[in-house]
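**Q** Right, I'll just put the structure down here and ask away after.
Now the structure itself:
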């Protein structure tokens, strides 16, 4: 009884999130039904590979949005990380690990700089990150003026296939062992999303810093009066955004075995990350939502683009369909207007 | 210096500092050209006018963007509004080219305004959606290729010809500027924009029809983007895919460098003019120096952060 009631409360408070989960399940189920090789590990692996970058980016975007801010540099930081990785992630195993650590550290440091500028420079996040995004893009272009790069081939194979291939590539144990069979089909990219995304986010949001981020988004004045560490939370939010963005960049570099400092691609990733955050039920006003929702939102965006491959829609109509679906999805938020009784509440 | 700065009224500070920075850019650029080529093109009127001619497109876009930012909103649909207006104008051609282009701007502005003012969807995400719909419509319309239609003679004249030695595009920019200044400082609509941008609930309670104001500002932004698109098509003799992409972020940067508060309610048009000039001249000096794209991006970002750190800092109190 209490469990049911708790679930009911959760359902009422997170309508957006549960709506997104249901939408994703339905979309992906229908996709697999329509797909000629649906419900196979191969399709899942391919889809998961193409989703990792945008999922990490959406999670990165969520945290500044929860503060009531916005990070327009996530796409650029991801590109910067991908370019660094395309230079460093090769050679001996130690060099590879070193390269991955440097990549993640660089993105995290960039996020830290964003946080410091926002907190101690007292600039609006949206405009500060617009500028630092340009700087990140410039650095990425310094590192990789032309697309290309060199990523360890084994790593590329192991991380973009099923768990069976991962074990097989690094000869950890016999991949055909009977106890391993039930897990062997699981795509590695899904595990990466779970370990680095969920594994970092869920513990983080239970810390004081994590709760403070929510408090700032709901009412910064009240959070300040309650003695919460406002500045530290803001810096941590942008730092974590930088970390998630560099995770996305590192995976993108490993998956494509190259780095590409493409300004318009970085911009498109940033804008899509905002769309994913909104689709996942996080309020752009701050204080409501979470990174798991954004993960779902990003997956919805990706699945919608998968549909174009199996449905015979005129390719010329694809951008229009994408645009209309995006506009319709964000317009769902308008139902809030109908529920409001006091017009003044509209202006929050 | 310190005393002179602190005696300035706070709203004049951004204008004075950015104007000072423009002089610094001109001097640095001239020192560079004198050292390498022995000439000083940056101080020749012809060169400056030519730079301002290409800058007038950005100036017109920024003028419209400022109206929206004054409300505390943002218009991310500018790139494809600009391109759509240009494509529709060249596709229709003849005498109806200009009105068609402007009509596209009005229509996009009305849709944006409706979504933000009546559906209460955050402008950041709604205008983003409208932008991708416009992109989809244009890809559908053109088949994904560069449209073959040519700009009409009138569009070319407006964008590329000169009158009394001054490019006509600068006159168009000046005309748009005068309209915006009059709107902002002399009409009830302008005062209502500032009031709504400061505190929408208070503006609503004092009898301002805030939804109409929001729709009006988005229409102004759409029309400005459309004018810039039509001019740009005239300048390059035809419309092309993605012609507006290079204008969105510089326009936001120009408005904010000019001292307009990104949260709305504060800002003067002179600041936006100075901000546009700063960005245009910075770009031209960097291209004279043959700075690679990487260096440009870094310098561009550093300039924005640096200028804002000097005067764009928020107040220290929380929960405003």
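Residue numbers (our numbering), protein chains in the order written: chain P, 1 to 348; chain X, 349 to 668.
All C-beta atoms in this analysis are idealised placements derived from N, C-alpha and C, irrespective of residue type, glycine included.
In this text, all values refer to a predicted model and were calculated from it rather than measured experimentally.
1. Within 10 angstroms of the Cβ of residue 294/P, are there 16 or more other Cβ atoms? Answer buried if so, exposed if not.
2. Assign residue 176/P to buried or exposed, taking buried as 16 or more other Cβ atoms, counted over all protein chains shown, within 10 Å of its Cβ.
3. Might you give, ordered along the chain, the residues of its own chain that have their beta carbon closer than 6 Å to the beta carbon of residue 55/P, omitting 5 neighbours on each side?
4. Using a beta-carbon distance below 8 Å, is residue 366/X in contact with chain P?
5. Please list, in chain order, the chain P residues whose beta carbon lies closer than 7 Å to that of residue 483/X.
6. Please report how far the alpha carbon of residue 367/X lies from the alpha carbon of residue 246/P, in whole angstroms.
7. Here's the rule: buried if 16 or more other CB atoms are within 10 angstroms of the residue's CB, otherwise exposed. What is residue 225/P?
8. Report yes or no: do the segment 529-547 of chain X and the segment 411-418 of chain X share at least 3 C-beta pairs separated by less than 8 Å?
9. Can you list, in chain order, the residues of its chain with a C-beta nearer than 6 Å to that of residue 164/P? Leave out the 5 residues immediately preceding and following it.
10. Below 8 Å, how does it come out for the segment 84-103 of chain P and the segment 297-311 of chain P: are there three or more Cβ pairs, yes or no?
11. Consider the Cβ of residue 667/X: report whether some Cβ of chain P lies at a distance smaller than 8 Å.
12. Can you tell me which of the three DSSP states residue 425/X falls into?
13. Given a threshold of 16 other Cβ atoms within 10 Å of its Cβ, counted over all protein chains shown, does residue 187/P qualify as buried or as exposed?
14. What residue range does the alpha helix (DSSP H) around residue 633/X cover?
15. With DSSP collapsed to three states, give me the class of residue 148/P.
16. Express the C-alpha separation of residue 35/P and residue 198/P in angstroms, rounding to a whole number.
17. What is the C-beta distance between residue 330/P and residue 277/P, in whole angstroms, given that I count them as a contact (C-beta under 8 Å)?
18. Nearest-angstrom Cα distance between residue 606/X and residue 262/P?
19. To which residues of the same chain is residue 111/P closer than 6 Å at the C-beta, ignoring the five residues directly before and after it?
20. Under the three-state reduction of DSSP, which class applies to residue 554/X: helix, strand or coil?
21. To the nearest angstrom, how far is it from the Cα of residue 667/X to the Cα of residue 633/X?
22. Is the segment 461-475 of chain X in contact with the segment 395-415 of chain X, if contact means three or more CB pairs nearer than 8 Å?
23. Just confirm the distance between the C-beta atoms of residue 628/X and residue 399/X, as a whole number of angstroms; I'd bet it's less than 8 Å.
24. Does residue 491/X pass the burial test, meaning 16 or more other C-beta atoms within 10 Å, or should it be called exposed?
25. Compute the Euclidean distance between the alpha carbons of residue 439/X and residue 489/X, then round it to the nearest angstrom.
26. Exposed or buried, which one is residue 617/X when buried takes at least 16 other CB atoms within 10 Å?
27. Spatial neighbours of residue 90/P within its chain, please: C-beta separation below 8 Å, excluding the five flanking residues on both sides.
28. Does DSSP classify residue 519/X as helix, strand or coil?
29. Just to confirm, are residue 61/P and residue 52/P a CB contact at a threshold of 8 Å?
30. Can you name the residues of chain P whose CB is closer than 9 Å to the CB of residue 441/X?
31. State the Cα-Cα distance for the pair residue 205/P and residue 275/P, rounded to the nearest angstrom.
32. List the residues of chain X that residue 254/P touches, going by C-beta distances under 8 Å, in chain order.
33. Which residues of the segment 607-638 of chain X have a Cβ closer than 9 Å to any Cβ of chain P? Give them in chain order.
**A** Short version:
1. Counting from 1 along the first chain, the entry for residue 294/P is found at position 294. Residue 294/P should be labelled buried.
2. Numbered from 1 along the first chain, position 176 holds the residue referred to as residue 176/P. Looking at its Cβ environment, which holds fewer than 16 other Cβ atoms inside 10 Å, residue 176/P is exposed.
3. On the first chain, position 55 is the one that residue 55/P refers to. Only 193, 295, 298 meet the Cβ criterion.
4. Sequence index remark: in the second chain, residue 366/X carries index 18 (1-based). Chain P, which has no Cβ nearer than 8 Å to the Cβ of residue 366/X, makes this no.
5. Within the second chain, residue 483/X is the residue found at index 135, counting from 1. By Cβ distance, chain P contributes 319, 323.
6. Here residue 367/X is taken as the residue at index 19 of the second chain, counted from 1. Here residue 246/P is taken as the residue at index 246 of the first chain, counted from 1. Residue 367/X and residue 246/P: Cα-Cα distance of roughly 38 Å.
7. Here residue 225/P refers to the residue found at position 225 of the first chain. Exposed is the call here.
8. yes
9. Reading the first chain from its first residue, position 164 is the one you call residue 164/P. Around residue 164/P: 175, 184.
10. no
11. The count along the second chain starts at 1 and reaches residue 667/X at position 319. Residue confidence is low: residue 667/X scores 42 on pLDDT, short of 50, so the model does not pin down where it sits. No coordinate-derived value is stated.
12. For the purposes of this step, residue 425/X is taken as the residue at position 77 of the second chain. It is coil, neither helix nor strand.
13. In the first chain, residue 187/P corresponds to position 187, counting from 1. Its Cβ being crowded by 16 or more others within 10 Å, residue 187/P is buried.
14. Counting from 1 along the second chain, the entry for residue 633/X is found at position 285. Unbroken alpha helix (DSSP H) run through residue 633/X: 617-636.
15. Here residue 148/P corresponds to residue number 148 of the first chain, with the count starting at 1. Residue 148/P falls in the strand class under three-state DSSP.
16. Sequence index remark: in the first chain, residue 198/P carries index 198 (1-based). Sequence index remark: in the first chain, residue 35/P carries index 35 (1-based). Straight-line Cα distance between these residues: approximately 29 Å.
17. Position 330 of the first chain, counting from 1, holds the residue named residue 330/P. Position 277 of the first chain, counting from 1, holds the residue named residue 277/P. The pair is not a contact, with the Cβ atoms about 11 Å apart (cut-off 8 Å).
18. On the second chain, position 258 is the one that residue 606/X refers to. On the first chain, position 262 is the one that residue 262/P refers to. Distance between the alpha carbons of residue 606/X and residue 262/P: 29 Å.
19. The count along the first chain starts at 1 and reaches residue 111/P at position 111. The answer, listed in chain order, is 238, 239, 241, 242.
20. As a position in the second chain, residue 554/X is number 206, starting the count at 1. Looking at residue 554/X - three-state DSSP - the assignment turns out to be coil, as it is neither helix nor strand.
21. Locating residue 667/X in the second chain gives position 319, counting from the first residue. Locating residue 633/X in the second chain gives position 285, counting from the first residue. Because residue 667/X carries a pLDDT of 42, less than 50, the predicted location of this residue cannot be relied on, and the following value inherits that uncertainty. The alpha-carbon atoms of residue 667/X and residue 633/X are separated by roughly 41 Å.
22. no
23. Looking up residue 628/X in the second chain gives position 280. Looking up residue 399/X in the second chain gives position 51. Contact flag correct, Cβ pair sits at about 6 Å.
24. Taking the first residue of the second chain as position 1, residue 491/X is located at position 143. Residue 491/X should be labelled exposed.
25. Here residue 439/X is taken as the residue at index 91 of the second chain, counted from 1. Here residue 489/X is taken as the residue at index 141 of the second chain, counted from 1. Approximately 10 Å, taken between the alpha carbons.
26. As a first step, residue 617/X is located in the second chain; it is residue number 269 there, counting from the start. Buried.
27. Within the first chain, numbered from 1, the residue matching residue 90/P stands at position 90. Counting only Cβ-Cβ distances below 8 Å, and skipping sequence neighbours, we find 96, 99, 150, 151, 152.
28. Sequence index remark: in the second chain, residue 519/X carries index 171 (1-based). Of the three classes helix, strand and coil, the one that applies to residue 519/X here is helix, per DSSP.
29. Counted from its first residue, the first chain places residue 61/P at position 61. Counted from its first residue, the first chain places residue 52/P at position 52. It is not a contact, given that the beta carbons lie outside the stated cut-off.
30. Within the second chain, the letter at position 93 stands for residue 441/X. Near residue 441/X there are no residues of chain P at all, since even the closest Cβ is about 23 Å away, more than 9 Å.
31. Numbered from 1 along the first chain, position 205 holds the residue referred to as residue 205/P. Numbered from 1 along the first chain, position 275 holds the residue referred to as residue 275/P. Cα-Cα distance, rounded: 22 Å.
32. As a first step, residue 254/P is located in the first chain; it is residue number 254 there, counting from the start. Ordered by position in chain X, no residue passes the 8 Å Cβ test against residue 254/P, which lies about 24 Å from the chain.
33. 609, 610, 611
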